[in-house]
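Chemist: First to last, the sequence lines map onto chains A and B. Terminal number for the first sequence in the numbering used here: 313, no gaps in between. Terminal number for the second sequence in the numbering used here: 301, no gaps in between.
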Amino acid sequence: MNDTDLKYLWQTGNNQIAIGQTSDKTIMDNLIKRDISHVLSSMKPIKIFTLIAGMLWVFGLGFVLIVLTINTYEQVSLYFLYSAYFQVMLTAMAVILYIFQLNTLNRIDFDKPVIILQKKIINLKISTLKVTRILMLQLPFWTTFYWSESMFKNGTLAFFIIQGTVTLSFTYLAIWLYFNLTFENADKWWFKLLLNGKEWEPLMTSIGILNDLEEEVISEKD
Amino acid sequence: MAKQNLHKTFHEIIERHKGLLFKVARTYCGKEEDRQDLIQEIRIQIWKSLPKYDAHFAITTWLYRISINVAISFYRKNRKSTHFPIAEKLPTVFDPLPNDFQEKFNLLEQFIVELNEMDKALIMLYLEDKSYLEISEIMGITISNVGTKMGRIKEKLKKRFLNHKEN
Numbered sequence: 092m093n094d095t096d097l098k099y100l101w102q103t104g105n106n107q108i109a110i111g112q113t114s115d116k117t118i119m120d121n122l123i124k125r126d127i128s129h130v131l132s133s134m135k136p137i138k139i140f141t142l143i144a145g146m147l148w149v150f151g152l153g154f155v156l157i158v159l160t161i162n163t164y165e166q167v168s169l170y171f172l173y174s175a176y177f178q179v180m181l182t183a184m185a186v187i188l189y190i191f192q193l194n195t196l197n198r199i200d201f202d203k204p205v206i207i208l209q210k211k212i213i214n215l216k217i218s219t220l221k222v223t224r225i226l227m228l229q230l231p232f233w234t235t236f237y238w239s240e241s242m243f244k245n246g247t248l249a250f251f252i253i254q255g256t257v258t259l260s261f262t263y264l265a266i267w268l269y270f271n272l273t274f275e276n277a278d279k280w281w282f283k284l285l286l287n288g289k290e291w292e293p294l295m296t297s298i299g300i301l302n303d304l305e306e307e308v309i310s311e312k313d
Numbered sequence: 135m136a137k138q139n140l141h142k143t144f145h146e147i148i149e150r151h152k153g154l155l156f157k158v159a160r161t162y163c164g165k166e167e168d169r170q171d172l173i174q175e176i177r178i179q180i181w182k183s184l185p186k187y188d189a190h191f192a193i194t195t196w197l198y199r200i201s202i203n204v205a206i207s208f209y210r211k212n213r214k215s216t217h218f219p220i221a222e223k224l225p226t227v228f229d230p231l232p233n234d235f236q237e238k239f240n241l242l243e244q245f246i247v248e249l250n251e252m253d254k255a256l257i258m259l260y261l262e263d264k265s266y267l268e269i270s271e272i273m274g275i276t277i278s279n280v281g282t283k284m285g286r287i288k289e290k291l292k293k294r295f296l297n298h299k300e301n
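1. Look up W148(A) in the DSSP assignment and say whether it is helix, strand or coil.
2. If we count Cβ pairs, one from each stretch, closer than 8 Å, do we get three or more for the segment 185-204 of chain A versus the segment 264-275 of chain B?
3. If the criterion is Cβ atoms closer than 8 Å, does the pair A265(A) and L230(A) meet it?
4. Give the C-beta separation of M227(A) and L268(A) to the nearest angstrom, bearing in mind that I take them to be a contact with Cβ-Cβ under 8 Å.
5. Would you tell me roughly how many angstroms separate the C-alpha atoms of L237(A) and G246(A), rounded to the nearest one?
6. To the nearest angstrom, report how far apart T141(A) and K98(A) are at their CA atoms.
7. Which whole-angstrom value is the C-beta distance of K216(A) and L294(A), which I expect to be below 8 Å?
8. What's the gap between the Cα of Y162(B) and the Cα of I206(B)?
9. Within the continuous alpha helix (DSSP H) that includes G246(A), where are the two ends?
10. Can you find at least 3 beta carbon pairs, one from the segment 247-263 of chain B and one from the segment 284-291 of chain B, that sit closer than 8 Å?
11. Measure the C-alpha to C-alpha separation of N214(A) and G299(A) and round it to an integer number of angstroms.
12. Note down the Cα distance separating A189(B) from I147(B), rounded to an integer number of angstroms.
13. Name the residue from K182(B), F156(B), L184(B) and P185(B) whose alpha carbon lies nearest to the alpha carbon of D171(B).
14. To the nearest angstrom, report how far apart S260(A) and T195(B) are at their CA atoms.
15. Between the segment 177-196 of chain A and the segment 145-157 of chain A, do at least 3 Cβ pairs fall closer than 8 Å?
16. As a quick exercise: from K299(B), T282(B), I269(B) and S278(B), pick the residue whose alpha carbon is nearest that of R199(B).
17. Taking the alpha-carbon of I253(A) as reference, which of T234(A), F191(A) and A277(A) has the nearest alpha-carbon?
18. Return yes when the Cβ of S174(A) is within less than 8 Å of the Cβ of F232(A), no when it is not.
19. In the structure shown, what three-state DSSP assignment does F261(A) receive?
20. Please compile the residues from chain A whose C-beta is within a distance smaller than 8 Å of the C-beta of L242(B).
21. By how many angstroms is the C-alpha of F295(B) removed from the C-alpha of N301(B)?
22. Where do the N-terminal and C-terminal ends of the alpha helix (DSSP H) with V402(A) fall, by residue?
23. So, are the CB atoms of G159(A) and L169(A) less than 8 Å apart?
24. I want to verify the contact list: residues of chain B whose CB lies under 9 Å from the CB of T195(A), in sequence order.
25. In angstroms with no decimal places, state the Cα-to-Cα distance between I212(A) and G255(A).
26. Roughly how many angstroms separate the alpha carbons of S218(A) and Q192(A), rounded to a whole number?
27. N194(A) to L152(A), Cα distance in whole Å?
28. Against chain B, does S128(A) count as a neighbour if the rule is that its beta carbon must be under 8 Å from one of theirs?
29. Once you ignore the five residues that flank Y176(A) on each side, which residues in its own chain have a CB closer than 7 Å to its CB?
30. Could you have a look at I275(B) and say whether DSSP puts it in helix, strand or coil?
31. Check F236(A) in the structure and name its three-state DSSP category.
32. So with Cβ pairs under 8 Å, would you call L301(A) a contact of chain B?
33. For F191(B), which of helix, strand or coil comes out of DSSP?
34. How about N212(B) and D168(B): do their beta carbons lie closer than 8 Å?
35. Can you tell me which of Q107(A), A249(A), V257(A) and R224(A) puts its alpha carbon nearest to the alpha carbon of L285(A)?
36. Pick from V280(B), E262(B) and R210(B): whose alpha carbon is nearest that of Q102(A)?
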């Protein structure tokens, strides 16, 4: 079968099917009105839930911490207060970054050349990893919020060794993950172990596609 | 462009090029309801991009870019539900088709289904009789790269038809 035959086959076959297609004017007018609400409707419920939960956590806990600071600063454990402040601050940063990424994703221009735009979309999706990396920095603060002055006054050597090891390990792990949880490490066992849930599937697929597109760009240069 | 003009232009573009949208949707979606959803998504993006349309570009190049970009994103999101039952019976509204037309058309579609999302776009543009220059403008790759990739895809396609004939 030659090129002309193939083109004839494709065009004739599709024309046969397309003949019954109509473009209802009312549907199109509704579509124009729907434009604004489209941004929200295109977001998956899990994203909306994550966003609302994150914001409630930041505003709720933030409010409690401010009240504690103003009214009971002398009585409350400063280890708890500052650990919680850092935790809320990091969550707030992650929420802001998440909103920024969703917004950028929804404002993208679809009339750019296919390979260039697809790379941009996938890179943006992969940048959700940044949110995870920021959240990882919270790890050490989960090992310090329960500290108190009496613990340090009355603690035994064994306690200091165990507590110190836990906090230092979590600090090291947090910093290490912050710098290493990148898509370049997507093929590493620990990466797959950490991000193996269903919610990470689209991200892992995106990483695979990006690698394919990178190959396209490389072969482009060759 | 005034809002009234924008509406009018939008309706005209959609009406004149509905075949283009339909073919892109058919290339990326097997189920009719998915196709309709995809066509709707494409229309939304066309409406959103229309105020920025640069008349120096051919309208079809612009439309193909939007349609393929939306289709690829849609395909990725709905990969599990966009599988192709295909073997769709062609309505015979035109002149009677040759006997083996339906069979060959299904074979061609099945071949396209098995391609990755970028190659689907390439073969569709090629079958739509677009020049390598136009394809390179739509896809954002060089003409020589279009040539190399098309050569590879066409080779596979010819083998498929040959094997089918022998069987």
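Even for Gly, the Cβ is constructed at its ideal location relative to N, Cα and C.
Modeler: The structure says:
1. helix
2. yes
3. yes
4. 4 Å
5. Checking the sequence, you will find Tyr at residue 237(A) rather than Leu. Going from the Cα of Y237(A) to the Cα of G246(A) covers about 14 Å.
6. Their Cα atoms are separated by approximately 48 Å.
7. 7 Å
8. Rounded to the nearest angstrom, the two C-alpha atoms are 8 Å apart.
9. From DSSP, G246(A) is part of no alpha helix (DSSP H); its letter is neither H nor E.
10. yes
11. 11 Å
12. In this structure, the straight-line span from the alpha carbon of A189(B) to that of I147(B) is close to 13 Å.
13. Its Cα nearest to that of D171(B), the residue F156(B) stands out among K182(B), F156(B), L184(B) and P185(B).
14. 56 Å
15. The way I'd put it, the segment 177-196 of chain A does touch the segment 145-157 of chain A; three or more beta-carbon pairs between them come closer than 8 Å.
16. I269(B)
17. T234(A)
18. yes
19. helix
20. L97, L100, W101 and G104
21. 10 Å
22. Absent from the structure is residue 402(A), since the part of chain A shown begins at 92 and ends at 313.
23. Reading off the sequence shown, one finds Leu at residue 159(A), where the question assumed Gly. Cβ atoms of L159(A) and L169(A): not closer than 8 Å.
24. Within 9 Å Cβ-Cβ: nothing; T195(A) doesn't reach chain B, min ~14 Å.
25. 43 Å
26. 8 Å
27. 25 Å
28. Only weak support is given to the placement of S128(A): the predicted model assigns it a pLDDT of 46, under 50, and the value that follows is read from those uncertain coordinates. Not one chain B Cβ lies under 8 Å of S128(A).
29. Hits under 7 Å: L156.
30. DSSP places I275(B) in coil when its eight states are reduced to three.
31. coil
32. no
33. coil
34. yes
35. Selected option, being the one with the closest Cα: R224(A).
36. Minimum Cα distance to Q102(A) is reached at E262(B).
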